[in-house]
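Under my numbering, the letters of the sequence shown match residues 633 to 891, in that order.
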Amino acid sequence: MSSTTPFATRAPTPAVRPYPIRVHAQQDVSLSRWLWLVKWLLIVPHVLILIPLWIAFCLLTLIALVAIVITGRFPRPIFDFNVGVLRWSWRAGYYAYNVLGTDRYPPFALREIPGYPAGLRVEYPARLHRGLVLVKWLLAVPHLLVVGILFSGSAWLSRQAGGEIWSWGGGGLVALLVLIAGVALAVTGRYPRPLFDLILGLNRWGLRVAGYAALMTDRYPPFRLDLGGADPGADPGADPGGTAVPSREPAAHSGLDTA
Numbered sequence: 633m634s635s636t637t638p639f640a641t642r643a644p645t646p647a648v649r650p651y652p653i654r655v656h657a658q659q660d661v662s663l664s665r666w667l668w669l670v671k672w673l674l675i676v677p678h679v680l681i682l683i684p685l686w687i688a689f690c691l692l693t694l695i696a697l698v699a700i701v702i703t704g705r706f707p708r709p710i711f712d713f714n715v716g717v718l719r720w721s722w723r724a725g726y727y728a729y730n731v732l733g734t735d736r737y738p739p740f741a742l743r744e745i746p747g748y749p750a751g752l753r754v755e756y757p758a759r760l761h762r763g764l765v766l767v768k769w770l771l772a773v774p775h776l777l778v779v780g781i782l783f784s785g786s787a788w789l790s791r792q793a794g795g796e797i798w799s800w801g802g803g804g805l806v807a808l809l810v811l812i813a814g815v816a817l818a819v820t821g822r823y824p825r826p827l828f829d830l831i832l833g834l835n836r837w838g839l840r841v842a843g844y845a846a847l848m849t850d851r852y853p854p855f856r857l858d859l860g861g862a863d864p865g866a867d868p869g870a871d872p873g874g875t876a877v878p879s880r881e882p883a884a885h886s887g888l889d890t891a
């Protein structure tokens, strides 16, 4: 072979194929140092509404399972409602103790709110595998074990020295990281950006698993942390609420708007 023969060039790495459950967020640049201490109280109205919504979510998912087995399709009205419950929960968690990413009070709505700094979209599947829906709970077990550590009270630290025992039970890795972010915010007035990106990635993982287990897609969730506020593959010009033009003010809404 001639020495002048050029070496073969490596094909460019293909872009990340966007997962059908897309979680977006935009960190507020100005956050109160102390408001996070009382968000547990401020978020109570949302919790009281989300409890019955999640009960309905679970019941409707069972109905959707039967429909998918029979028809191969997820009934669109149930799909839109369930996505709305996930979206509402994500906004409430983003405001409160899943992230503490904004001081803008979350709207009482199932639909996307243009301009709000946290959003969630799920692509409606044209067809779903009829048999796969029966075993998704089993296939999701590896993810559920990880998500359990991230979000549940499964983090424990103990130490025994002589007859003295020290122990600590945490609310999961995400809760610990959010607490660290709150302390940093109180001390410095700033939310560390690397910490924000990590917490967003962990929440994105949890929401993807929740959507898969709720039969919203046949694509298995990836075992990876997609850090930062922009979901891979999403339009970088679109704001978290799903519009191309960012807004500083929340859109008007009323009641449980599902439009």
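All residues carry an ideal CB built from backbone N, CA and C; glycine is no exception.
Since the model is a prediction, treat every value here as computed from it, not as a measurement.
Residue 804 and residue 673 have their C-alpha atoms some 21 Å from each other. DSSP lists 753 as the beta-bridge partner residues of residue 654. Looking at the DSSP output, residue 758 bridges to nothing. Distance from the CA of residue 837 to the CA of residue 715, rounded to the nearest whole angstrom, comes to 16 Å.
Per the C-alpha coordinates, the member of 667, 656, 690 and 739 positioned closest to residue 842 is 690.
Contact annotation: the stretch 812–819 does not touch the stretch 685–699, with fewer than three C-beta pairs closer than 8 Å. Straight through space, the alpha carbons of residue 815 and residue 758 are spaced by roughly 46 Å. Within its own chain, the residues whose Cβ lies closer than 7 Å to the Cβ of residue 700, once the five positions on either side in sequence are excluded, are 706, 760, 762, 765 and 847, listed in chain order.
Minimum Cα-Cα distance from residue 649 among the listed residues 726, 860, 692 and 854 corresponds to 854. Under the three-state reduction of DSSP output, residue 781 falls in the helix class. At the C-beta level, residue 839 and residue 653 come within 8 Å of one another. Assigned with DSSP and collapsed to three states, residue 721 falls in helix. With contacts defined by Cβ atoms closer than 8 Å, residue 858 and residue 833 form a contacting pair. Rounded to the nearest angstrom, the gap between the Cα atoms of residue 776 and residue 829 is 21 Å. Annotation for residue 667: no alpha helix (DSSP H) segment contains it, and DSSP assigns it neither H nor E.
Taking a C-beta distance under 8 Å as the contact criterion, residue 657 and residue 726 qualify as a contact pair. Counted as a single uninterrupted DSSP element, the stretch harbouring residue 675 is not any alpha helix (DSSP H), since DSSP gives it neither H nor E.
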